[in-house]
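Novice:
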Amino acid sequence: MTDSNGFSPPEEVRTARLVLRRPRPEDAAALFAEYATDPEVCRYLTWTPHASLQETEALVARSGALWEAKRTFRWVLTRRGEDRALGMVELRPDGHRVELGYALGRGYWNRGYMTEAVGALVTWALAQPGVYRVWAVVDVDNRASARVLEKVGMQFEGVLRRWSVHPNVSPVPRDCACYSVVKPDRPAVVE
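Basically the numbering used here = 1-based index in the sequence shown + 63.
1. If you draw a straight line from the alpha carbon of V201 to that of H229, how long is it in whole angstroms?
2. How far does the alpha helix (DSSP H) with L108 in it extend, from its first residue to its last?
3. In whole angstroms, give me the CA-to-CA distance for V161 and L154.
4. Can you tell me whether T109 is buried or exposed? The criterion is at least 16 other CB atoms within 10 Å of its CB, across all chains shown.
5. Whole-angstrom Cβ separation of A169 and E103, contact assumed at under 8 Å?
6. Compute the Euclidean distance between the alpha carbons of A79 and V185, then round it to the nearest angstrom.
7. Residues in its own chain within less than 7 Å of L116 by CB, not counting five upstream and five downstream?
8. Closer than 8 Å is the cut-off here; do at least three beta carbon pairs connect the stretch 173-185 with the stretch 112-127?
9. Hey, out of P234, L223, F219 and A209, whose CA is closest to V244's CA?
10. Taking A132 as the reference, give the member of G175, G144 and P156 with the closest Cα.
11. With 16 as the cutoff for other CB atoms within 10 Å, does N205 come out buried or exposed?
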């Protein structure tokens, strides 16, 4: 990982319907129930469904350690007025680039929650002085996730062949679609 250029995201982000906040140990049970054990939610993720609550507790603990190390910043998604974790979204800074990842409990699909959460974080990230690109990859068969990226203004860049192993689909690397949004080019100042 390269320098994160002082990347320091807010611990809480509010949208019209959601509150995104840093995970807490007590979120593990809800994350375990909402998505970490669901084979359909985990289908295109890089890990298999959790078999025990301890796996999800370890995920939440790692989230805190990664935040402190300024390597990966994860937020749980909650609805305003409720404090139950529905899913997670993360940003991984790498110099002038920030990679995005997310997962949402199946009971909350098709309500625009992930589009709302991702849109807020993409907007925030691109407003940072050292960030010029926000990007994500999705399995070529994961059309729903691709639509989230398209709805927040990301553009399809191409297919990365044999990019990522999605063990719930295949033990071999699969093709992934790459999407990004970048800061607009500014003309060079010539004096």
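The beta carbon of each residue, even a glycine, is placed where N, CA and C say it ideally should be.
Specialist: Let's see:
1. Numbered from its first residue, the sequence shown carries residue 201 at position 138. Numbered from its first residue, the sequence shown carries residue 229 at position 166. If you take the alpha carbons of V201 and H229, they lie about 10 Å apart.
2. Stepping through the sequence shown from its first residue, residue 108 is reached at position 45. Here L108 belongs to no alpha helix (DSSP H), and DSSP marks it neither H nor E.
3. The sequence position of residue 161 within the sequence shown is 98, counting from 1. The sequence position of residue 154 within the sequence shown is 91, counting from 1. Each residue's Cα considered, the two are about 6 Å apart.
4. Residue numbering aside, residue 109 sits at position 46 when the sequence shown is read from its first letter. So T109 ends up on the exposed side.
5. The count along the sequence shown starts at 1 and reaches residue 169 at position 106. The count along the sequence shown starts at 1 and reaches residue 103 at position 40. Looking at the sequence provided, one finds Arg at residue 169 rather than Ala. Right, their Cβ atoms sit about 6 Å apart.
6. In the sequence shown, the residue the question calls residue 79 occupies position 16. In the sequence shown, the residue the question calls residue 185 occupies position 122. When rounded, the distance between both Cα atoms is 16 Å.
7. For this step, residue 116 is matched to residue 53 along the sequence shown. A91, A92 and F95.
8. no
9. On the sequence shown, residue 244 is found 181 positions in, with the first residue counted as 1. Taking only the C-alpha atoms, the option nearest V244 is F219.
10. Along the sequence shown, one-based indexing puts residue 132 at 69. Closest option to A132, Cα to Cα, is P156.
11. Position 142 of the sequence shown, counting from 1, holds the residue named residue 205. N205 comes out buried.
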